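Quick note on numbering: the numbering used here labels position 20 of the sequence shown as 20, and the sequence is numbered without any gaps.
Take a look at the structure set out below.
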Amino acid sequence: MEFTPSKLNTFLFFKLPSAFWCGVRVKHIDDTQCVATVKHRWINQNPFNSMYFAVQAMAAELTTGALVMYQIKKSGKKISMLVANNKGNFTKKATGRITFTCKDGYLIEEAIKQTIATGEGQTFWMKSIGMDEKGNPVSEMDFEWSVRAK
Numbered sequence: 001m002e003f004t005p006s007k008l009n010t011f012l013f014f015k016l017p018s019a020f021w022c023g024v025r026v027k028h029i030d031d032t033q034c035v036a037t038v039k040h041r042w043i044n045q046n047p048f049n050s051m052y053f054a055v056q057a058m059a060a061e062l063t064t065g066a067l068v069m070y071q072i073k074k075s076g077k078k079i080s081m082l083v084a085n086n087k088g089n090f091t092k093k094a095t096g097r098i099t100f101t102c103k104d105g106y107l108i109e110e111a112i113k114q115t116i117a118t119g120e121g122q123t124f125w126m127k128s129i130g131m132d133e134k135g136n137p138v139s140e141m142d143f144e145w146s147v148r149a150k
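Structure, rendered in structure tokens:
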């Protein structure tokens, strides 16, 4: 699969339909960063008139996971990936369009090189920050990824 926002959004439709139907969309991806957005709507709301935390987690995880997939594809090797752990911090009600950005793409390449060289699994943490339309942070999610050569 080519890594473009359009291809990743098609991937969402078929492989992560709950994220797609909640409105999560990739806007940008390159070697070092991935950006996804999601708009607060009826389908992704919580009882407190803001975006449900799990929808924020889907968008945040996508920004980190897409970068891992991108680097695995770039390596040309068969490598498995799995979220091993996650943590989140919510600082403000998520209303309107929320933009999640992960700039940790540089962390992945070294872990992939290590797992290919040693055959042992490697773990690393990646951060995605969600900002509202005014530029205020609403949530910060950290995901511990595990990669291992097959």
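Here a beta-carbon is modelled for each residue, glycine too, at the ideal position from N, C-alpha and C.
A quick note: this is a predicted structure, and the numbers were derived from the prediction, not measured.
Q. Is the stretch 119–131 touching the stretch 52–64, taking contact as three or more C-beta pairs under 8 Å?
A. Contact between the stretch 119–131 and the stretch 52–64 is present, because at least three Cβ pairs lie under 8 Å.
Q: Report the residue from Thr32, Leu8, Cys34 whose alpha carbon sits nearest the alpha carbon of Ala19.
A: For the purposes of this step, residue 19 is identified with residue 19 of the sequence shown, where counting begins at 1. Of the listed residues, the one whose Cα sits closest to Ala19 is Leu8.
Q: Can you grab the Cα-Cα spacing for the pair Phe3 / Glu109, in whole Å?
A: Stepping through the sequence shown from its first residue, residue 3 is reached at position 3. Stepping through the sequence shown from its first residue, residue 109 is reached at position 109. Distance between the alpha carbons of Phe3 and Glu109: 16 Å.
Q. Cα separation between Thr101 and Leu16?
A. Walking along the sequence shown from the start, residue 101 turns up at place 101. Walking along the sequence shown from the start, residue 16 turns up at place 16. When rounded, the distance between both Cα atoms is 19 Å.
Q: Decide if the stretch 83–99 is in contact with the stretch 40–56; the criterion is three or more beta carbon pairs, one per stretch, under 8 Å apart.
A: yes
**Q.** Cα-Cα separation, Gln114 to Gly76
**A.** Here residue 114 corresponds to residue number 114 of the sequence shown, with the count starting at 1. Here residue 76 corresponds to residue number 76 of the sequence shown, with the count starting at 1. Rounded to whole angstroms, Gln114 to Gly76 spans 14 Å at the Cα level.
**Q.** Helix, strand or coil at Thr37 [DSSP, three-state]
**A.** The sequence position of residue 37 within the sequence shown is 37, counting from 1. For Thr37, the secondary structure class from DSSP, reduced to helix, strand or coil, is strand.
Q) What are the start and end residues of each continuous beta strand (DSSP E) run of 3 or more residues lying completely inside the stretch 80–150, in chain order? A) 97–102, 122–131, 137–149
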